[in-house]
Structure formats: structure tokens, C-alpha cells
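Protein chains: 2
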Amino acid sequence: MSYMNRVEDPKRNAILVSAFTQFSGYGFRRTSMEDIATAAGVSRASLYSYFGNKEEIFRCLSASIHEQALADAEAALRATSGKPDIARRVEGALVARFARLQEVVTQSPHGREIYDEDNRLCGDLVLESSARFRALLASAMRAADRAREINLKGAGLSAPAAAEVIQLGASGLKQGAPDVATLKTRLRRFVRVFFAGLR
Amino acid sequence: MSYMNRVEDPKRNAILVSAFTQFSGYGFRRTSMEDIATAAGVSRASLYSYFGNKEEIFRCLSASIHEQALADAEAALRATSGKPDIARRVEGALVARFARLQEVVTQSPHGREIYDEDNRLCGDLVLESSARFRALLASAMRAADRAREINLKGAGLSAPAAAEVIQLGASGLKQGAPDVATLKTRLRRFVRVFFAGLR
DNA sequence: TATTGACAATATATGCGTATATGGTCAATT
DNA sequence: AATTGACCATATACGCATATATTGTCAATA
Numbered sequence: 000m001s002y003m004n005r006v007e008d009p010k011r012n013a014i015l016v017s018a019f020t021q022f023s024g025y026g027f028r029r030t031s032m033e034d035i036a037t038a039a040g041v042s043r044a045s046l047y048s049y050f051g052n053k054e055e056i057f058r059c060l061s062a063s064i065h066e067q068a069l070a071d072a073e074a075a076l077r078a079t080s081g082k083p084d085i086a087r088r089v090e091g092a093l094v095a096r097f098a099r100l101q102e103v104v105t106q107s108p109h110g111r112e113i114y115d116e117d118n119r120l121c122g123d124l125v126l127e128s129s130a131r132f133r134a135l136l137a138s139a140m141r142a143a144d145r146a147r148e149i150n151l152k153g154a155g156l157s158a159p160a161a162a163e164v165i166q167l168g169a170s171g172l173k174q175g176a177p178d179v180a181t182l183k184t185r186l187r188r189f190v191r192v193f194f195a196g197l198r
Numbered sequence: 000m001s002y003m004n005r006v007e008d009p010k011r012n013a014i015l016v017s018a019f020t021q022f023s024g025y026g027f028r029r030t031s032m033e034d035i036a037t038a039a040g041v042s043r044a045s046l047y048s049y050f051g052n053k054e055e056i057f058r059c060l061s062a063s064i065h066e067q068a069l070a071d072a073e074a075a076l077r078a079t080s081g082k083p084d085i086a087r088r089v090e091g092a093l094v095a096r097f098a099r100l101q102e103v104v105t106q107s108p109h110g111r112e113i114y115d116e117d118n119r120l121c122g123d124l125v126l127e128s129s130a131r132f133r134a135l136l137a138s139a140m141r142a143a144d145r146a147r148e149i150n151l152k153g154a155g156l157s158a159p160a161a162a163e164v165i166q167l168g169a170s171g172l173k174q175g176a177p178d179v180a181t182l183k184t185r186l187r188r189f190v191r192v193f194f195a196g197l198r
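If you read the protein sequences in the order shown, they are chains L and A. Taken in order, the first sequence gives residues 0 to 198; the numbers are from numbering that gives the first Met the number 0. Taken in order, the second sequence gives residues 0 to 198; the numbers are from numbering that gives the first Met the number 0.
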């Protein structure tokens, strides 16, 4: 049954896209299955061929967004074109992880709740995504340390500790950012100085 | 009239102390003037000799806490005993500004709302305090730059830009901190590396 | 003169019935 | 096999009335 279809199912994806616009515009509560179905151009009943219920749509949407952000972040950390140094790669990962989401949050009324770690429906997904991102960062820091790109020992930091400070510090830079450009500027400044301190 | 008494008025202060315990324990809405009066050992009516109304108590409480934190932060930035370098002084300021408040937030159910910048009652005070703290940081950074303790130009940063990144980055370190000790550790790591990058 | 009990106006909580909206299911249809 | 209209149970929105709680004021008091 479609329920088990692979992620690339175009119809299932169309539903998620419609759900995203509705949820981010009106929030979970104020969005009805009818709204999602209409936006996706299908009947309400057929939504249940692809998802178990409304909450599952929300969770799958949240999971899908986080997966995309994580994949982009991982790609940034692995990037080789232009031979970016560790600071550039981490900056790219932070942009992938934070700047993208920030855009949704600042430009849609209820975009925030999709990424809210206190949200009953997807809080666990947000936390898991956050933990995985930190692990990616830690791994990249460890590799850079081995490659002598940075000197963790000299700074008295373990790779996980450095990753934690980078992730949380970068997260704080979102506060009060009027637009994505501002956030990117802050991220660049933060990363530049921080990695200069890890030489 | 007492209404205009100076801040040191012990009775007025006792009311603020009681209000703090009640507000941080039950929140503004669920705290009644009766609760505050009882906790302060006075009649409800006499509260109105010291404050115009319930909202004013809340605002004065918020303002008082922020003033204290700012005063402590400023003292840390001016500290001379032990000849602390700029990194140590900033670390002290961040602890004064964030770690103190964090303790209240983590240990009381509704402590957060007193520092919530989205709070209708005190949001303006929180933002103002935040701006003043950033100004203090910027001033200290500027002074350290002139004294050649740090090299802002080399990092491509203005003093306000550096202060912004420090304040917001440090603020992010609060996330998910189970206790104040954890936050302090993160702050120390952050400040150490960041200022090493400003050499 | 600082403090307070008592008072009036307002705000909040609760219950109830009804109308509407929504979620989830399933047999019928294409 | 995918899709859907129709169905039912539940949830939410609304109006309204009543009871209780709370706020802010003021004249009386100690």
C-alpha cells in the first residue's frame, strides 16, 4: 500500500509541500485536513492513504525538513571545491542548519512551531536532529584536529566540547535577526574569530 | 508619600522579594495581590501605598533584577583585583548577566517570564537591559582594543559587532543547560577561544 | 501618617446546550 | 489499486447565565 511507499513518491511529497505551506501559515491547530487536501489537489480521504493521521503528517514534515538540513550541512562539511578550510566548511554547515530554517521562521507566522523542541508533536525529532548535527560537527572538528588544521589540545577543548560551543553559540546568533543576511553575517564573524582562536 | 520612596525602602523591598517568590513560583496570572501581601506580612491594601498596581510590581521587580545584573556585569568589566585580562573580565560579565538569571529560570517554574522579552509587561525592560549590556560590552572591547589587549581590526570587527556576537553567542549557550555549572563551563570555553581569536 | 477592613467594579472560572467543524473510517466507484 | 463521497463520533466554537475570585479605592482606624 502507498502508506509504505518510498520517500520519493511524488504525490506523497506534494502533500507534504501543501502541509508545509498550511502549517507554517496557520499553525497545526488551525490547519484542517481539508485545507491540506485542497492545497494538494486531492480529496481529504486520500490523505489517509499516505499518512496515518494529521499528527503523522506534521511529524513527517518536520522530519523531512530536518533531514534535508542535515544532508546539506553534511555536504558543506565534506565540501572540497574551492578547497575551503575548516572554518569555511563549518560556516557552510551552520548556514545550512540555521539560516535556512530561520528564513521560514521569520517569514511565516507559525513556521517556528515546526522547529520547536518543546512541541509535543515533533520535539523529539528536533532534539534528535540537533544531536546528530552536533555529532557531525564534532566529527569534522576531530578530523580537522588530526589534520592539524586546528589545535584543540592547545585550546583545552575536546572535539565534542568544541562542537557544543559552536552549535549553541551559533544558535544564539538567531536572536532578533531581522533577516537571513544579518544572521549569515553574524555566523561568519563568529566562525572567523572562533577558529582563529583554535589555531 | 511612600510611593516615591527611594529604592532602599526596606518595606518596599520586602514586597518585591515576596513578589519574586510568588511570581517565579506561580507566574503573574496565578499570583494574586493577596498572595504577595501575605508573603510580605502586610495587608493587601498597603501594597498600593508602595506600588500603583499589580503590573507595576511586576515591572519594578523585573527592572530591579536587571539593574542588579547590569551593575554586577559592569563591576566585572571594571575589575582590577587579580589583574584579570579582558577575556576574564568579559567572562565575569557574562556570568553576572546570564548565569544568575539562568539559576532562577531552571529552578523555578515560572522564573522565565520575568526575563521574557516577549512578555507584554516587561518585554521593553528586558530589551533595554539587553541593549545596555551590549553597550557595556562594546565599550569594554573598544577600551581593550585601544590598550592593544585585543586586535579588532585584525579580525575585521568593530567593537559593537564583536559585542553583539559575544552577547548573542553566550546567550545561546544557555540552551538545555541542566545547571548553572554547565553554563559557566560553556561560557568559559567560549570566551577563551573567542578572545584567543582576537589576539 | 501608615495601615487596614470593607466596598464596588471587574475579571475569571464553571457549567450547559447547541451549532458547527473536523478527524478518521469504510464501502462504493473509477 | 487508487481514489473518493458519505458517514459517525468527537472536538471545537459560541452564547449565556451563575458563582467565585481579584483588583483597585476609600473612609475608618490605630
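Every residue, glycine too, gets a C-beta built ideally from N, C-alpha and C. Only a predicted model underlies this, so the values are computations on that prediction, with no experimental measurement involved.
Contact set for residue i: own chain, Cβ-Cβ below 8 Å, skip 5 residues either direction
{"i": "ALA143 of chain L", "result": "ILE85 and ILE149"}
{"i": "GLU116 of chain A", "result": "GLY122, VAL125, LEU126 and SER129"}
{"i": "VAL179 of chain L", "result": "ALA98, GLN101, GLU102 and THR105"}
{"i": "LEU186 of chain A", "result": "GLU90, LEU93, VAL94, PHE97, ALA98, ALA169 and LEU172"}
{"i": "ALA176 of chain A", "result": "GLN101, THR105, LEU182 and ARG185"}
{"i": "SER45 of chain L", "result": "ALA36"}
Short Cβ contact (9 Å threshold) for residue i with residue j
{"i": "ALA130 of chain A", "j": "VAL89 of chain A", "result": "no"}
{"i": "GLU102 of chain L", "j": "ARG133 of chain L", "result": "no"}
{"i": "ARG147 of chain L", "j": "LEU156 of chain A", "result": "no"}
{"i": "ARG43 of chain A", "j": "GLU33 of chain A", "result": "yes"}
{"i": "LEU69 of chain A", "j": "ARG96 of chain A", "result": "yes"}
{"i": "ARG58 of chain L", "j": "LEU120 of chain L", "result": "yes"}
{"i": "PRO108 of chain A", "j": "ALA137 of chain A", "result": "no"}
{"i": "ALA98 of chain L", "j": "GLY168 of chain A", "result": "no"}
{"i": "TYR49 of chain A", "j": "ARG11 of chain A", "result": "yes"}
{"i": "GLU73 of chain A", "j": "LEU126 of chain A", "result": "no"}
Three-way DSSP call (helix, strand, coil) for residue i in this model
{"i": "VAL192 of chain L", "result": "helix"}
{"i": "LYS82 of chain L", "result": "coil"}
{"i": "SER157 of chain L", "result": "coil"}
{"i": "PHE50 of chain L", "result": "coil"}
{"i": "GLY118 of chain A", "result": "Checking the sequence shown, residue 118 of chain A turns out to be Asn, not Gly. If DSSP states are grouped into helix, strand and coil, ASN118 of chain A belongs with coil."}
{"i": "HIS65 of chain L", "result": "helix"}
{"i": "ASN12 of chain A", "result": "helix"}
{"i": "VAL6 of chain L", "result": "Per-residue confidence for VAL6 of chain L stands at a pLDDT of 48, beneath the threshold of 50, marking its modelled position as unreliable; the derived number appears in the next sentence. DSSP places VAL6 of chain L in coil when its eight states are reduced to three."}
{"i": "GLN166 of chain A", "result": "helix"}
{"i": "SER31 of chain L", "result": "coil"}
{"i": "ASP178 of chain L", "result": "coil"}
{"i": "GLY40 of chain A", "result": "coil"}
{"i": "LEU172 of chain A", "result": "coil"}
{"i": "LEU197 of chain A", "result": "coil"}
{"i": "ARG147 of chain A", "result": "coil"}
{"i": "SER107 of chain L", "result": "coil"}
Top-ranked residue by Cα proximity to residue i, from the options
{"i": "GLU112 of chain L", "options": "L:GLN67, L:PHE22 and L:SER42", "result": "L:PHE22"}
{"i": "LEU93 of chain A", "options": "A:GLY171, A:ALA146, A:LEU120 and A:GLY155", "result": "A:GLY171"}
{"i": "VAL41 of chain A", "options": "A:THR79, A:PRO9, A:HIS109 and A:ARG28", "result": "A:PRO9"}
{"i": "VAL190 of chain L", "options": "L:GLY91, L:LYS173, L:SER45 and L:ALA180", "result": "L:GLY91"}
{"i": "THR184 of chain A", "options": "L:VAL192, L:ALA161, L:PHE194 and L:ARG185", "result": "L:ALA161"}
{"i": "PHE194 of chain L", "options": "L:ARG87, L:ASN118 and L:ASN52", "result": "L:ARG87"}
Inter-residue Cα distance where the pair is residue i and residue j
{"i": "LEU151 of chain A", "j": "GLN166 of chain A", "result": "16 Å"}
{"i": "GLN67 of chain A", "j": "ALA62 of chain L", "result": "43 Å"}
{"i": "THR105 of chain A", "j": "VAL16 of chain A", "result": "18 Å"}
{"i": "ARG5 of chain L", "j": "ASP71 of chain L", "result": "At ARG5 of chain L, the pLDDT of 43 sits below 50, so the modelled position is not reliable; the number obtained from the coordinates is stated separately. Straight-line Cα distance between these residues: approximately 21 Å."}
{"i": "LEU182 of chain A", "j": "GLY26 of chain A", "result": "24 Å"}
{"i": "LEU76 of chain A", "j": "THR37 of chain L", "result": "59 Å"}
{"i": "TYR114 of chain L", "j": "GLU7 of chain A", "result": "45 Å"}
{"i": "THR79 of chain A", "j": "VAL192 of chain A", "result": "22 Å"}
{"i": "PRO83 of chain A", "j": "ARG145 of chain L", "result": "33 Å"}
{"i": "GLN174 of chain L", "j": "GLN174 of chain A", "result": "13 Å"}
{"i": "GLY81 of chain L", "j": "GLY81 of chain A", "result": "47 Å"}
Same chain, Cβ closer than 6 Å to residue i, five either side skipped, listed in chain order
{"i": "ALA18 of chain L", "result": "ILE35, ILE56 and LEU60"}
{"i": "ALA39 of chain A", "result": "ALA13, ILE14 and SER17"}
{"i": "THR30 of chain A", "result": "GLN21 and PHE22"}
{"i": "GLY110 of chain A", "result": "SER23, VAL103 and VAL104"}
{"i": "ASN118 of chain A", "result": "GLU112"}
Spatial neighbours of residue i in its chain, beta-carbon cut-off 7 Å, leaving aside the 5 residues before and after
{"i": "ALA154 of chain L", "result": "GLY196 and LEU197"}
{"i": "LEU124 of chain L", "result": "ARG58, SER61, ALA62 and HIS65"}
{"i": "ARG141 of chain L", "result": "ALA158"}
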